[in-house]
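Numbering of the sequence shown is given in our numbering, commencing with residue 24 and proceeding in unit increments. Comments concern the structure below.
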Amino acid sequence: MAESKSFGLLLYVLFVGLLFLVRGVHCGWSAWGSWSDCSRTCGGGASYSIRSCYGGRCSGENIKYRSCNIEACPRAKGSSDYRAQQCSKFNDDKNVNGKSYDWIPKIQSDREKSCALICRAKGHDEKVEELAPKVLDGTPCFPDKKDMCINGICVPVGCDYELYSTAVEDECGVCNGDGSTCKVMKGNHRLSPDISRGFQGPVVMCIDITTGLEVDASQCEPKQKPVIESKKCNEKQCPPKWQPAPWSACSKTCGGGMQTREVTCAERSNSVMVRMPDLHCPGTKPATKRVCNMDQCPMWYPEKWSECTATCGSGTKTRKVHCRDIQRNVVNGCDPDAKPVEEKECVSKVVCIKEKVFEAEKSVQEFHAESFEPRFFIGEWSPCSASCNGTQTRSVICQVPIEFTDIVADVPDDQCKGEKPVEHQMCNIDTCSNDGEADDLPGNSESGTVYPIPPSNSVEEWVPSFEWRYNGYTDCSASCLGGVQTSITECYHASEDRVVDDSFCELSETLPLVQQSCNNFPCPPRWSIRGYSPCSVGCGGGIQHPLVECIEELAAGSGNTIILREEWCTGPKPNITKPCNFVDCPPAWKTTEWSQCSQSCSGGIQTRTVTCSQMLAFGNYLELPEPFCMEPRPAEEKICNEQDCVNAVWVSQPWSECSVTCGAGLQIRAVICMTQLPSGEQQFTFPSDCDSLPEPPLLQPCVGPPCPVIEEYPSPKKEPLIMGDASHFVQEKFSTKLIFAVGGSASVFPHVLILLKCPVRWFKKSQIRWHRNDQDIGENDVKAKVLKDGRLKIYSVGPEDVGSYTCVAGTASEDFELSIQDKSLSATVAESNSLGWAVGKWSECSESCGDGGIQIRKVHCEALMSDTNTTKEVQEEFCQFIEMPMVMQPCFQQPCPLWNTGDWSPCNTRCVEQFTAIQRRSVHCTLPDGSRVPKKHCNKREKPVARQECHTDNCEAVWRPSKWMKCSQSCGDSGTQTRTLGCVYKGRKQPADVKYCREKEKPELVRACNRIECSANSCVDAWTYCTMAKRLNMCQLKNYQEQCCLSCRQKDQR
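Listed below in structure tokens is the structure:
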């Protein structure tokens, strides 16, 4: 008893722990996930399993590995090992000094570096590169060794091929053996068991007696070599098994690709593998597709642009661009075509004013932006102080650029080489006339040209002038529908009529832009992608298809486009699909199809399998513990076929006569649905009661005697042919009208009407003639008449009509014999006064409750036979003048049970979408007095719904951030913290679809942390000229603080 209580307490504790896990009180590790596919198909690979940490307080690893596919790979001629295959993938990607090489492995003796992909260029041993920081899992650390690389670390592998195993082979070559499976032969030969395909036998090795090690066979005496005997083994035919081909190369080197392989079912027959149907192989067929290279692709990371190399005019800016992995380590493997540019043109805000002297266009100064030596930096000239004989000034400062920064420091003039440029000059010299206005000379103020003041304070000749001129137009901005061309303005040397740098002309005098239209003709029809279809799935990886139209633009601007038929557009129709929603789906219940119902009536059971799984971003499923699925668990069983079983059977009537007198024909019959009463009697019931039963056939073929062969002779005209029916008919039931075809005979009741047909080919039916007992039947015959379609109609058959009737069609004729049955029965019925309807018992009510049921009974006509004083069932026509009793009547039972519903629950349960939740109510089957009965007694088609969607503000989707991760740095000024976001419903942890959160403002995902001063141990100078920081006061700049940390700290401490 105590043990059962302890066990119950343990179950309760486990349940409470599981409940806390479901409700978000996460702590500890989750269960290990399923094992991944093996990294290799042969030669020893690795598979991994992962688990998640809840609460951030977990110790140990979140991933574990195991070895797999340890069978040796078949070595085809010319094939390379696994590490060599990885090196060869960079043959076209890895360039050294602008050249491509073939890469082969560079074997490392250092165990710590043995799992990096270090390769050397074939034929260039000095060129060694680390092409990847780690090799693929399962790559051997060293040649001919079992140790393998797992996640970049060399892991020991025992002879049992288990990771971290210490198992070794004994002296006989047996893993974990004790040396008892072999023996020494004459001190120098040793036998070891070997099993090869189909035979068993020992292997003879030459052993050094002193060391016990195997040596070359030439050191042993050949005559002393033991004789090897072998025997056959395992001669039984091996069963078929799955034969997977090697995996194809991954479609992508990173970022998630696909691998495919062919898997066939085969068996070995006479040393040849024979392909078999898949159903012959046991177990599940191995996967033919798998995801590969899931690591994020390395990306280009550009640094900041440098300052422009020119202090005036145009120059260049440069920057460094590095290929980095997800840990920001510099690696190889980025797409070279996608590399951002490392150099671009730039234009300084300062316009270069190149001063010219008369003798030659010699620049007063030249800028060397790449130099870090002190030099003079010159500012712009100020405007001329007067329109004639004025002055202007500029700044000339000796400065030095500081390396690794954007800073230029002022230094004394004696630090700069050369003579200091002038800071003052005269302008608009001698341009004043007597009345004080400027003359129209090349050096007037309008041209803006100025001169340095020569030592003699005189000007010998005029400075050459420059002017803006138009020089053609740009290319048209559009290929059709009217584009624009803009004028090109360039600076010209006026006297030499040549183009010079724009800096020689005044910017304020630039000519106005001139535009003109071009290509004013319609565009041809073209394909246009107006958007993309919605994603095929909400998560797990889907596809968006382009919405393509054939359009023609009639004029520029919106609203001037018409849609044409697709055949008007030339070229292939664009079909550029886009991947979408490559995100993990939330955990959800996964169900199989319902099984077949266990019973056909009276309530059976259907079952299915229900599992909690999560569809991952690339479409594969991950099975999870049930608490991860938040929705209510779907039912695994349900009731089916609740209708009551009806003991009904099909009752078949006799087959009719064959439809033909010769050859192949058909027979028909009627089938009736009847039920078995407790008394053993059968009574009619509704055909629907027999729906679950196979209905007997209503038709069947029949074969008569062979039909006579009609020989046809070549003739321009075919002879008439009458298709007679050789059957004999005896009337048993009364009927007012009978139809026959010639060729047979009939015995009928008196007073019936008969139609005789004469089926004929190759003859007009309107020309058919009839004979009665070899006498023509004319138009004036009272009892018979020949109709227009060739049939003979005989009215109220009597004794005078008995005889032979002949149909004549040209040269063909056919007879029919007519006789009348004994008139006693007909006469008795006709003269009897005891005709009447006979009724059977009423059937059970068709409904078990309510007032909608009916009852039926059998009713037939009976006659009292005077000769035997008994009744006999006759045709209903004899009772047609007597009122027929009811064959159906309504029936009333106790009141039927009805569906009864409770009140709706509040609209605050689990959310199903934005502002929408589910509310429920109880639904029971009850009698009018309120007592409950099983649900099968109520009409399931009328059952009210038990759940419905409802609107609630409690189901608003909001962003919910996780806890901040650990700071990336413990000190310094670059530490950051990150966190993740999840879309959930407000006030609860239930996940919501991300689309509901996209319009909402996202919380901060990155923040600064640990921005404190680091200890002196990590503070060093990284620049040669850091000692200048004291004199130039540069330690306040961030870049300089990092590059000259030690000098700046020393300065702060003084």
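We put the beta carbon where it would ideally sit given N, CA and C, even for glycine.
Only residues of its own chain outside the window of five on either side were considered, and among them Leu504, Cys546, Asn583, Thr584 have a CB closer than 7 Å to the CB of Glu576, listed in chain order. For the beta strand (DSSP E) assignment, the uninterrupted runs of no fewer than 3 residues enclosed by the segment 857-937 are, from N- to C-terminal side, 859-862, 876-879, 882-888, 893-897, 911-914, 921-924, 934-936.
The beta carbons of Pro163 and Met171 sit closer together than 7 Å. Gln971: not part of any alpha helix (DSSP H); member of the beta strand (DSSP E) spanning 970-974, first to last residue. If you look at Arg291, you'll find it isn't in any alpha helix (DSSP H); it sits in the beta strand (DSSP E) that goes 286-292.
When C-beta atoms of the segment 772-779 are compared with those of the segment 803-821, three or more pairs fall below 8 Å, so the two segments count as touching.
When secondary structure is reduced to three states using DSSP, Glu840 falls in the strand class. Ala240: not part of any alpha helix (DSSP H); DSSP gives it neither H nor E. If you look at Arg298, you'll find it in the beta strand (DSSP E) that goes 295-299. For Tyr71, the beta-bridge partners assigned by DSSP are Tyr88.
One thing to note: Ser679 has its Cβ within 7 Å of the Cβ of Gln690.
Each residue's CA atom was taken as its position, placing Val560 and Pro300 some 34 Å apart.
Proximity to Cys1032 across Val726, Ile628, Ser991 peaks at Ser991, based on C-alpha coordinates. A Cβ-Cβ distance of about 5 Å is found for the pair Pro321 and Cys346, placing them in contact under the 8 Å criterion.
With a cutoff of 7 Å on beta-carbon distance, Ala861 and Glu899 are scored as not near each other. With 16 or more neighbouring CB atoms inside 10 Å of its own CB, Lys129 falls in the buried class. Exposure of Gln622 is indicated by the presence of fewer than 16 other C-beta atoms within 10 angstroms of its C-beta.
CA-CA distance, Gln438 to Arg398, rounds to 8 Å.
A contact is defined here as three or more CB-CB pairs under 8 Å, and the segment 963-972 fails this definition with respect to the segment 1002-1010. The three-state reading of DSSP puts Asn977 in helix, counting H, G and I together. Approximately 6 Å separates the beta-carbon atoms of Leu841 and Val825; this is inside 8 Å, confirming the contact. Bridge pairing for Gly767: absent [DSSP]. For Met746, the closest C-alpha among the options Gln706, Cys725, Gly686 is that of Gly686. For Trp673, DSSP records a beta bridge to Cys696. When the Cα atoms are used, Pro908 and Val882 turn out to be separated by approximately 7 Å.
In the three-state DSSP reduction, Arg313 falls in the strand class (E or B). Looking at Asn451, Lys362, Thr939, the one whose alpha-carbon comes closest to that of Pro406 is Asn451. Given a length threshold of 3 residues, each whole run of the beta strand (DSSP E) inside the segment 619-681 is given here in chain order: 627-630, 633-638, 644-646, 660-663, 671-675. Here the segment 636-652 makes no contact with the segment 585-599; the two share fewer than three CB pairs at distances below 8 Å.
Here Tyr1019 carries a helix assignment [DSSP, helix/strand/coil]. The three-state secondary structure of Lys966, taken from DSSP, is coil.
For the 7 Å CB-CB criterion, Arg1002 and Leu1028 form a contact. Gln1000: member of the beta strand (DSSP E) spanning 999-1001, first to last residue. Arg106 and Gln319 have their C-alpha atoms roughly 21 Å apart. In terms of Cα proximity to Asn316, the closest of Ala432, Cys61, Leu302 is Cys61. A contact between stretches requires three or more CB pairs, one per stretch, nearer than 8 Å, and the segment 547-566 fails this requirement with the segment 506-525.
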